[in-house]
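Enquirer: Pasting a structure here, questions to come.
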């Protein structure tokens, strides 16, 4: 007997999403009449989410690696163009499935196998939220010390972390429409301040800045490539969250090209502005400065410190709330029956504990940054397999069958073998192993990393290996469960059997 759950549970409540109201919807399928977002809103979301010192400081890295100004610009631009293409392509899935990235990948990994995506998104989101709190909180403490002579010790840092964290949590709990509105507001205000900052700092800027000449990897091109890889990783790291927002865009109303460019251009512009400002400022205080925030404040006139603090505070709200919102969605997909709001609160509490222990007990800030880079070795093969699957099924999905795990049922088009697609699982495993061989971070160095001069090419090896294995398995063992052209409805004809008496 087909369970009543998948179809009825998707549309049984009024789950209106509006500014000033708490979004009740989580990972449930979003019906067409509730798709009120647009590609332009995606653009604002992804610009605003990058307007934080947690991203800006990444622009400091090429200068710290020994590159000059124009070398930093070209390497970061090339990397972002590469990464944004994958991010934009991935954003086409949500409008078709009506749910977030992790649940959507159930079509390719299986409705149980897609938990791989849920867990990796969960850990990345907590890491991003923690880094945002640390960087923005430290920036606030340094700024208030300069302006008002307040203490810049651990007590002040603890208070600053609390202020930043609570604001992030509040926006995340209110949900989608409020996060989108916050991103647009932050994008406008912070971009204006950064443009003003460019002119304020212009007298100190030297476009001919050639760098230290002491390249991190011993030569110009290996270091340039490494810088480009870091930039490419930034948009790719957001793919687990891409469809948290794209799922509210109607695939019937908006063409794929509009959605693609809305998401990818927003991601590129946001990252490009943030990274270039980071490199711009770094050329003035040099790579030897210990803390980026200290360096920016040191080169700024006192009257401009306050606008910089506004950037630090607003930017933390934007990126942190986005990360925590995604955390809530993914947690509710891991634990069926747990709603988005309580899931967000629980994981926010976990993230807050991690922030304080990581800063004051474990001194884990550098380790978390390296850990996120290692997690990307898990994200890239997951992303590549999903995109190959998207091409293979021509972007056609059975949305109700993606919700099987979430409504305590089994079966459906994407059940595969006990809920796992072995083809995708095999490709993913090979990709992860191949990537780990070339990882080069402060906490883990792969056994083959030195063979390429220390350049971290792990995202390329993991993606290529996973893609080749999955494509070969699709050729040898075709998947015949996908929706065909002309078939309508949100549920497939494959039976779904209830596992919970409440669904019978």
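Numbering (the numbering used here), first residue to last: 8 to 511. Just so it is clear, CB atoms sit at the ideal spot from N, CA and C, and this is done for glycine as well.
Alpha carbon to alpha carbon, how far is residue 204 from residue 68? Give it in angstroms, no decimals.
Expert: As a working mapping, residue 68 is identified with position 61 in the chain shown. As a working mapping, residue 204 is identified with position 197 in the chain shown. Each residue's alpha carbon lies about 20 Å from the other.
Enquirer: If I'm right that residue 322 touches residue 197 with Cβ under 8 Å, what's the distance once you round it to whole angstroms?
Expert: Residue numbering aside, residue 322 sits at position 315 when the chain shown is read from its first letter. Residue numbering aside, residue 197 sits at position 190 when the chain shown is read from its first letter. So it is a contact: roughly 6 Å between Cβ atoms.
Enquirer: Mapping the DSSP letters down to three states, classify residue 416 as helix, strand or coil.
Expert: Taking the first residue of the chain shown as 1, we reach residue 416 at position 409. In this structure, residue 416 counts as strand in the three-state DSSP scheme.
Enquirer: If you run the structure through DSSP and keep just helix, strand and coil, what is residue 363?
Expert: If you number the chain shown from 1, residue 363 lands on position 356. Three-state result, residue 363: helix.
Enquirer: Rounded C-beta distance between residue 24 and residue 184? I'm assuming under 8 Å.
Expert: Residue mapping note: residue 24 aligns to position 17 of the chain shown, counting from 1. Residue mapping note: residue 184 aligns to position 177 of the chain shown, counting from 1. 5 Å between Cβ atoms; contact.
Enquirer: Can you tell me where the alpha helix (DSSP H) with residue 36 in it begins and where it stops?
Expert: Along the chain shown, read from residue 1 onward, the residue named residue 36 stands at position 29. Per DSSP, residue 36 belongs to no alpha helix (DSSP H) and is neither H nor E.
Enquirer: So, is residue 28 buried or exposed, given that buried needs 16 or more other C-beta atoms within 10 angstroms?
Expert: For the purposes of this step, residue 28 is taken as the residue at position 21 of the chain shown. So residue 28 counts as exposed.
Enquirer: Grouping DSSP H, G and I as helix and E and B as strand, with all else coil, what is residue 447?
Expert: As a first step, residue 447 must be located in the chain shown, where it is residue number 440. Strand, per DSSP.
Enquirer: Just to confirm before moving on: does the CB-CB distance between residue 381 and residue 188 stay below 7 Å?
Expert: The count along the chain shown starts at 1 and reaches residue 381 at position 374. The count along the chain shown starts at 1 and reaches residue 188 at position 181. No. Outside cutoff.
Enquirer: Using 10 angstroms around the beta-carbon of residue 54, count the other beta-carbons present and answer buried if the total reaches 16, otherwise exposed.
Expert: The residue given as residue 54 occupies position 47 in the chain shown. So residue 54 counts as buried.
Enquirer: Let's test the definition: count the other Cβ atoms within 10 Å of the Cβ of residue 78 and tell me whether it reaches 16, buried, or not, exposed.
Expert: As a first step, residue 78 must be located in the chain shown, where it is residue number 71. Buried is the call here.
Enquirer: Helix, strand or coil for residue 338? Go by DSSP, reduced to three states.
Expert: Indexing the chain shown from 1 puts residue 338 at position 331. If DSSP states are grouped into helix, strand and coil, residue 338 belongs with the helices.
Enquirer: If distances are taken between C-alpha atoms only, which option among 392, 281, 232 and 285 comes closest to residue 460?
Expert: Translated into positions along the chain shown, residue 460 becomes position 453. Residue 232 is the option with its Cα nearest to residue 460.
Enquirer: Could you pull out every unbroken beta strand (DSSP E) segment of at least 3 residues lying fully inside the region 84-137, listed in chain order?
Expert: As far as the region 84-137 is concerned, it has no whole beta strand (DSSP E) run of at least 3 residues.
Enquirer: Return the chain-ordered list of same chain residues with a C-beta closer than 6 Å to the C-beta of residue 434, the five sequence neighbours on each side being excluded.
Expert: Counted from its first residue, the chain shown places residue 434 at position 427. For residue 434, where only same-chain residues beyond five positions count, the Cβ hits under 6 Å are 392, 473, 476 and 477.
Enquirer: Using a 10 Å radius around the Cβ and a threshold of 16 neighbouring Cβ atoms, would you call residue 107 buried or exposed?
Expert: Locating residue 107 in the chain shown gives position 100, where the first residue counts as 1. Buried is the call here.
Enquirer: Assuming residue 320 and residue 499 form a contact by the criterion Cβ under 8 Å, report the distance between their Cβ atoms to the nearest whole angstrom.
Expert: The residue labelled residue 320 in the question sits at position 313 within the chain shown. The residue labelled residue 499 in the question sits at position 492 within the chain shown. Wrong, their Cβ atoms sit about 48 Å apart, outside the cutoff.
Enquirer: Who pairs with residue 503 in a beta bridge, going by DSSP?
Expert: To locate residue 503, count along the chain shown from 1; it is residue 496. Partner residues in the beta bridge of residue 503, as assigned by DSSP, are 418.
Enquirer: Are the Cβ atoms of residue 50 and residue 272 separated by less than 7 Å?
Expert: Position 43 of the chain shown, counting from 1, holds the residue named residue 50. Position 265 of the chain shown, counting from 1, holds the residue named residue 272. Yes, the pair counts as a contact, with Cβ atoms nearer than the cut-off.
Enquirer: Between which two residues does the alpha helix (DSSP H) carrying residue 428 extend?
Expert: Looking up residue 428 in the chain shown gives position 421. Unbroken run through residue 428: none, as it is neither H nor E.
Enquirer: Pull up the distance between the alpha-carbon of residue 93 and that of residue 403, whole angstroms please.
Expert: For the purposes of this step, residue 93 is taken as residue 86 along the chain shown, with counting starting at 1. For the purposes of this step, residue 403 is taken as residue 396 along the chain shown, with counting starting at 1. Taking the straight line from one Cα to the other gives about 19 Å.
Enquirer: When DSSP labels each residue in this structure, what does residue 452 get in the three-state scheme?
Expert: By 1-based counting over the chain shown, the position of residue 452 is 445. It is a strand residue.
Enquirer: In the structure shown, what three-state DSSP assignment does residue 512 receive?
Expert: For residue 512 there is no data in the structure shown, the boundaries of the chain being 8 and 511.
Enquirer: Note the first and the last residue of the continuous alpha helix (DSSP H) segment covering residue 410.
Expert: Here residue 410 is taken as the residue at index 403 of the chain shown, counted from 1. Judged by DSSP secondary structure, residue 410 falls outside any alpha helix (DSSP H); it is assigned neither H nor E.
Enquirer: Is it the case that the region 331-341 contacts the region 123-135, given that we only count it when at least three CB pairs across the two stretches are under 8 Å?
Expert: yes
Enquirer: Going by DSSP in three states, residue 250 sits in which element: helix, strand or coil?
Expert: Taking the chain shown and counting its residues from 1, one reaches residue 250 at position 243. Three-state result, residue 250: helix.
Enquirer: Assign residue 287 to one of three DSSP states: helix, strand, or coil.
Expert: Taking the chain shown and counting its residues from 1, one reaches residue 287 at position 280. In the displayed model, residue 287 falls within a helix according to three-state DSSP.
Enquirer: Is the region 73-89 close to the region 217-233, with three or more CB pairs under 8 Å?
Expert: yes
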